[in-house]
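**Q**
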Amino acid sequence: MIDEKAITDFIYLEAELLDTMQWQAWLDLFHPEGRYWMPLEWQQQDPVLQPSLMYEDLLLQKVRVERLAGERTFSQKPKSRCHHLLQAPRIVACDPAAGVYKARTSYIYTETRGDLLERYSGWASHEFVEVGDALKIKLKLKRVDLVNFDAPFGNIQLFM
């Protein structure tokens, strides 16, 4: 049964998989039509007609994961690492009858490679769909909104 605890547990599991570089297990959380979206503008509504920092379907996510996991990826020597510090997720919608599950989580994200340390703050919005007895990240979301969305960025290597 999908309830608020299952949604919260899913979000914490997702962060743990990213922090421990379990890329394939993380990809398995996504519905085949799922999207990973990082808007470029405050309260941006359209990822297609407006530019985004990232807007990746499952194929693009797999390509990035293959690059991150590859032994011959010299830009990843040393490997990037990350840590998510999450506030308790706020359940926005949990309606099993309608199949609607949404959550929003404030976070601080740290990414490091070698002696470079980058820190980002923002909100992750998840929209889920039930597949069998499991949750999957649904179309358009996971959406990541950064507090400093308009700042210049270096290369964001991993997934927030």
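Taken in order, the sequence shown gives residues 27 to 186; the numbers are from the working numbering.
For each residue, glycine too, the CB sits at the ideal point set by N, CA and C.
(1) Counting Cβ pairs, one atom from each stretch, are 3 or more of them under 8 Å apart for the region 144 to 163 and the region 116 to 135?
(2) Do you know offhand how far L43's Cα is from I37's?
(3) Would you kindly check if the distance between the Cβ of S78 and the Cβ of P58 is under 7 Å?
(4) By the DSSP assignment, the alpha helix (DSSP H) with T34 in it spans what residues?
(5) Within 10 Å of its beta-carbon, does R139 have 16 or more other beta-carbons around it, so buried, or fewer, so exposed?
(6) With distances taken between CB atoms, is the gap from E137 to C108 smaller than 7 Å?
**A** Per the coordinate set shown:
(1) yes
(2) The residue you call residue 43 lines up with position 17 of the sequence shown. The residue you call residue 37 lines up with position 11 of the sequence shown. Between L43 and I37, the C-alpha separation is close to 10 Å.
(3) Within the sequence shown, residue 58 is the residue found at index 32, counting from 1. Within the sequence shown, residue 78 is the residue found at index 52, counting from 1. No, the Cβ-Cβ distance between P58 and S78 is not below 7 Å.
(4) For the purposes of this step, residue 34 is taken as residue 8 along the sequence shown, with counting starting at 1. Taken as a continuous stretch (DSSP letters only), the alpha helix (DSSP H) holding T34 covers E30 to D45.
(5) Counting from one through the sequence shown, the residue named residue 139 turns up at place 113. Under this definition R139 is a buried residue.
(6) As a first step, residue 137 must be located in the sequence shown, where it is residue number 111. As a first step, residue 108 must be located in the sequence shown, where it is residue number 82. For E137 and C108, yes; Cβs fall inside 7 Å.
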